[in-house]
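Enquirer: In the numbering used here, the protein residues as written are 5 to 109. Here a beta-carbon is modelled for each residue, glycine too, at the ideal position from N, C-alpha and C. From a predicted model like this one, the values you see are computed outputs, not experimental measurements.
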Amino acid sequence: MTTGVRRRMGVEERRQQLIGVALELFSQRSPDDVSIDEIASAAGISRPLVYHYFPGKLSLYEAALKRAADDLAGRFVEPREGPLGVRLLRVMRRFFDFVDEHGPG
Numbered sequence: 005m006t007t008g009v010r011r012r013m014g015v016e017e018r019r020q021q022l023i024g025v026a027l028e029l030f031s032q033r034s035p036d037d038v039s040i041d042e043i044a045s046a047a048g049i050s051r052p053l054v055y056h057y058f059p060g061k062l063s064l065y066e067a068a069l070k071r072a073a074d075d076l077a078g079r080f081v082e083p084r085e086g087p088l089g090v091r092l093l094r095v096m097r098r099f100f101d102f103v104d105e106h107g108p109g
């Protein structure tokens, strides 16, 4: 029988994990309705460790928004050649994929 050995995450890896967890929770409910305790629990860490990476929920929310905005902006990059209608449809499809992935939050 093998036992699972947990690997300690690096600073940036943990930070990105917290942003991802927060983004998922914020996409389901208003940031006001999501607690740091919930974020910590979903990430499998303690509340104080969340505060080690982010001074508060607002800064974590801002980081999550930035990731979502960067993701959305990346979806609008489109080559300038080809028929305009085809390019527009591709961009619209990417936008709606983004909305589906990130929920109403």
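Measure the C-alpha to C-alpha separation of Pro56 and Asp74 and round it to an integer number of angstroms.
Expert: Per the sequence shown, the amino acid found at residue 56 is His instead of Pro. Between the C-alpha atoms of His56 and Asp74 there is a straight-line separation of about 24 Å.
Enquirer: Report buried or exposed for Val38, applying the criterion of at least 16 other Cβ atoms within 10 angstroms of its Cβ.
Expert: By the beta-carbon neighbour count (other beta carbons within 10 angstroms, threshold 16), Val38 is buried.
Enquirer: Quick check on the burial criterion: 16 or more other C-beta atoms within 10 angstroms. Buried or exposed for Phe99?
Expert: With a 10 Å radius around the Cβ and a threshold of 16 neighbouring Cβ atoms, Phe99 comes out exposed.
Enquirer: Mind checking which residues open and close the alpha helix (DSSP H) that includes Arg94?
Expert: 88-106
Enquirer: Considering only residues of the same chain and omitting the five flanking positions on each side of Arg51, which have a CB-CB separation below 7 Å?
Expert: Ile40, Asp41, Ala44
Enquirer: Mapping DSSP to helix, strand and coil, what is Glu82?
Expert: coil
Enquirer: Classify Gly24 as helix, strand or coil using the three-state DSSP reduction.
Expert: helix
Enquirer: Within 10 angstroms of its Cβ, does Leu27 collect 16 or more other Cβ (buried), or is it exposed?
Expert: buried
Enquirer: What does the Cβ neighbour count give for Leu64, buried or exposed, with the cut at 16 atoms within 10 Å?
Expert: buried
Enquirer: Buried or exposed for Ala77, please, with buried defined as at least 16 other CB atoms from any protein chain shown within 10 angstroms of its CB.
Expert: Counting Cβ neighbours within 10 Å, Ala77 comes out exposed, since fewer than 16 surround it.
Enquirer: Determine the closest residue to Leu4 out of Gly89, Leu69, Met13, with distance taken between C-alpha atoms.
Expert: The structure shown does not extend to residue 4, since the chain is modelled only from 5 to 109, so the question has no answer here.
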